[in-house]
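Participant: This is the structure I have questions about; it appears just below.
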Amino acid sequence: MYRQRCGGSSPFDGTKENSFLHLASKRVRSTLEQRTLRRYEHLLFLTCEVPYTFCMKNSVGVICRVGLPILMLWCGVCVAQKVAITMDDLPRNGELPPGVTQAETTKKVLAILKGRHMPPVYGFINAQKLERSEDGAAALKLWAAAEPVGNHTYAHMDLEQNTAEAYEREIDEDEPALELLSGGAKHNWRWFRYPYLHEGDTVEKRRAIRAYLRARGYRIAQVTLDWEDYLWNTAYARCAAKNDAKSIEWLRSSYLNTASAFLDLGRAQAKLIYGHEINYVLLMHLGAFSSTILPEALDLLKKKGFKLVTLEEAESDAAYEGDPDVDLHDAGTLLDQWMQVKQIKYPEHVEKPYKEIESVCR
Ligand SMILES: [Zn+2]
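My numbering applies: residue 110 is where the sequence shown begins, and numbers increase by one.
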């Protein structure tokens with residue numbers, strides 16, 4: 110059993126688990142209340158499988174009878190934190206090692222997602238990458254046959270470097286590929302992910318693009334957890350080309366250390382901004398390193414007590430209704446934006462190894 114991390118979920122977000130938490134913490138004493146708790150036994154089973162099973166099998170024992178409500182209380186505060194995984198820059202982020210195709214990389218990543226019975230993972234595409242690339246088209250077809258797709262602009266345009274009008278054209282130009290790829294699929298492709306997470310360096314641009322997206326039926330695929338995983342993709346391609354096992358091992362450990370630190374940082378940010386944790390949306394990029402590191406990254410999420418959910422479920426959290434609505438330059442995730450707007454001091458955290466990644470296997 111892995112023990113769920115005790116997260117401070119919001120008692121107000123309306124989920125079953127949190128309703129339970131609310132009930133359990135306030136009203137455990139009376140018989141009537143214990144009956145209420147029994148209705149939530151299936152939820153407890155999910156979060157505290159081993160001790161719960163042990164107690165149920167030994168329920169004749171006085172200790173268990175007395176201890177169960179206490180155990181349930183303890184379990185109630187250990188409700189998993191929800192996170193939706195999303196992948197950007199499809200069909201490919203960064204460089205690939207020589208001889209490795211985009212289709213192969215995609216196939217391996219899809220096999221990992223399927224093997225782990227993951228909820229649907231949105232892939233945000235740049236249709237320009239399909240031009241004159243049969244490999245890119247093959248990779249995207251594989252992805253769209255298995256997972257949903259969303260809009261990431263046609264050519265990965267930076268809103269800070271372009272006008273709102275040019276940006277709107279880029280959103281439009283990505284759509285024919287999205288429509289074709291999802292052809293009749295049950296998934297809604299009208300989800301938009303801002304390239305570079307740049308939502309507008311002027312408030313006019315920010316509002317113009319938000320209004321444009323709204324009018325066209327899009328929802329914004331916000332990001333609330335990010336460790337800039339893309340940094341490792343091209344570095345891995347270089348190291349794999351050199352068959353440099355030692356450097357690849359360093360990439361692996363530095364990736365996981367950074368991921369762990371920035372998962373903790375994101376949660377700390379949410380608590381500082383909202384006073385409690387939220388449902389998260391994690392940004393990843395599909396590239397050379399993805400299929401190598403993804404199993405360990407998913408294990409890390411599990412170890413930290415995250416429960417994987419769909420993007421829709423993650424963004425049903427009220428945290429995603431807010432808009433900082435100010436001009437921001439290269440502000441990062443939604444949480445980073447709020448930290449800046451509310452002038453909240455960052456908790457201590459490690460820096461990402463930018464320089465080392467940039468120079469490795471050169
Ligand atoms: Zn991107």
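Cβ atoms here follow ideal geometry from the backbone N, Cα and C, with glycine treated the same way.
May I have the straight-line CA-CA distance separating G396 from T214, to the nearest angstrom?
Facilitator: Rounded to the nearest angstrom, the two C-alpha atoms are 7 Å apart.
Participant: At which residues does the alpha helix (DSSP H) containing I453 begin and terminate?
Facilitator: Taken as a continuous stretch (DSSP letters only), I453 belongs to no alpha helix (DSSP H), as it is neither H nor E.
Participant: Under a three-way DSSP split, which group does Y276 fall into?
Facilitator: Helix, per DSSP.
Participant: Does the stretch 239-252 come within contact of the stretch 197-214, defined as at least 3 CB pairs closer than 8 Å?
Facilitator: Counting Cβ pairs under 8 Å, three or more are found: they touch.
Participant: Just the Cα atoms here: how many angstroms apart are E430 and I318?
Facilitator: Taking the straight line from one Cα to the other gives about 16 Å.
Participant: Using 8 Å as the threshold, is the stretch 351-360 in touch with the stretch 324-340, meaning 3 or more CB pairs across them?
Facilitator: The stretch 351-360 is not in contact with the stretch 324-340.
Participant: Are the Cβ atoms of A264 and E279 separated by less than 9 Å?
Facilitator: Yes, these two residues count as a Cβ contact at 9 Å.
Participant: At which residues does the beta strand (DSSP E) containing N235 begin and terminate?
Facilitator: Per DSSP, N235 belongs to no beta strand (DSSP E) and is neither H nor E.
Participant: Is R302 near ligand 1, with its Cβ less than 8 Å from a heavy atom?
Facilitator: At least one heavy atom of ligand 1 is nearer than 8 Å to the Cβ of R302, so yes.
Participant: Specify, as a first and last residue, the run of the beta strand (DSSP E) that R201 falls within.
Facilitator: Looking at the DSSP string, the run of the beta strand (DSSP E) that includes R201 is Q190 to N202.
Participant: Between R325 and A423, what straight-line distance do the alpha-carbon atoms span, to the nearest angstrom?
Facilitator: Rounded to the nearest angstrom, the two C-alpha atoms are 22 Å apart.
Participant: Flag N342 as yes when its Cβ comes closer than 8 Å to any non-hydrogen atom of ligand 1, and as no otherwise.
Facilitator: For ligand 1, not one heavy atom lies less than 8 Å from the Cβ of N342.
Participant: Mind the definition here: the stretch 224-236 touches the stretch 441-459 only if three or more C-beta pairs lie below 8 Å; say whether that holds.
Facilitator: Output reads no: the stretch 441-459 does not touch the stretch 224-236.
Participant: With a CB to CB cut of under 7 Å and the five nearest residues on each side skipped, what residues in its chain are close to A273?
Facilitator: Within the same chain, A273 has close Cβ partners K314, A317 and I318.
Participant: Output the distance between the C-alpha atoms of E469 and L340, rounded to the nearest integer angstrom.
Facilitator: For the sequence presented, residue 469 should be read as Val rather than Glu. For V469 and L340, the distance between alpha carbons rounds to 11 Å.
Participant: Would you mind sorting V312 into buried or exposed? The rule is 16 or more other CB atoms within 10 Å of its CB.
Facilitator: So V312 counts as exposed.
Participant: What does the alpha-carbon distance come out to for the pair K250 and L410?
Facilitator: Between K250 and L410, the C-alpha separation is close to 28 Å.
Participant: Give the C-beta separation of L444 and G375 to the nearest angstrom, bearing in mind that I take them to be a contact with Cβ-Cβ under 8 Å.
Facilitator: Indeed they touch by this definition, with Cβ atoms about 6 Å apart.
Participant: Is the CB-CB distance between P206 and M266 below 9 Å?
Facilitator: Contact flag unset, no.
Participant: Relative to ligand 1, is the shortest distance from any of its heavy atoms to the C-beta of Y305 smaller than 8 Å?
Facilitator: Answer for Y305: yes, Cβ within range of ligand 1.
Participant: Kindly examine ligand 1 and report whether one of its heavy atoms sits closer than 8 Å to the Cβ of F233.
Facilitator: Checking every heavy atom of ligand 1 against the Cβ of F233, one is found closer than 8 Å.
Participant: Is D373 near ligand 1, judged by its Cβ being under 8 Å from some heavy atom?
Facilitator: It does not: the Cβ of D373 is nowhere closer than 8 Å to a heavy atom of ligand 1.
Participant: Can you name the start and end residues of the beta strand (DSSP E) that L417 belongs to?
Facilitator: Taken as a continuous stretch (DSSP letters only), the beta strand (DSSP E) holding L417 covers F415 to L417.
Participant: Taking 8 Å as the cut-off, is the CB of N202 close to at least one heavy atom of ligand 1?
Facilitator: Within the cutoff, so yes.
Participant: In the DSSP assignment, find the unbroken alpha helix (DSSP H) run with Y383 in it and report its ends.
Facilitator: Per DSSP, Y383 belongs to the alpha helix (DSSP H) from A354 to Y383.
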